[in-house]
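Peer 1: Numbering (the numbering used here), first residue to last: 16 to 80. Here a beta-carbon is modelled for each residue, glycine too, at the ideal position from N, C-alpha and C. What you are looking at is a predicted structure, and each value in this text was computed from that prediction instead of being measured.
#1: I need the straight-line Cα distance from residue 50 to residue 40, nearest angstrom please.
#2: With a CB to CB cut of under 8 Å and the five nearest residues on each side skipped, what residues in its chain are close to residue 61?
#3: Could you compute how far the alpha carbon of residue 57 sits from the alpha carbon of residue 63?
#4: Output yes or no for whether 7 Å exceeds the beta carbon distance between residue 35 and residue 43.
#5: Three-state secondary structure (DSSP) at residue 32?
Have a look at this one:
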């Protein structure tokens with residue numbers, strides 16, 4: 016059993032990404048858009064942590080009407 020080196024792993028990942036980008040552009044586009052959306056969500060969460068948190072009781076009261 017032969018273990019793959021880190022260099023070989025990188026080569027395989029690069030080759031796989033290149034194949035996805037060239038052969039299935041729509042799939043790659045969806046992945047890329049998902050990454051951008053996730054990054055935006057992370058930024059929004061970090062910005063929200065700067066401000067005061069809303070008390071859970073207030074949220075429940077709003078949800079219950």
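Peer 2: Reading from the atomic positions:
#1: 15 Å
#2: none
#3: 10 Å
#4: yes
#5: helix
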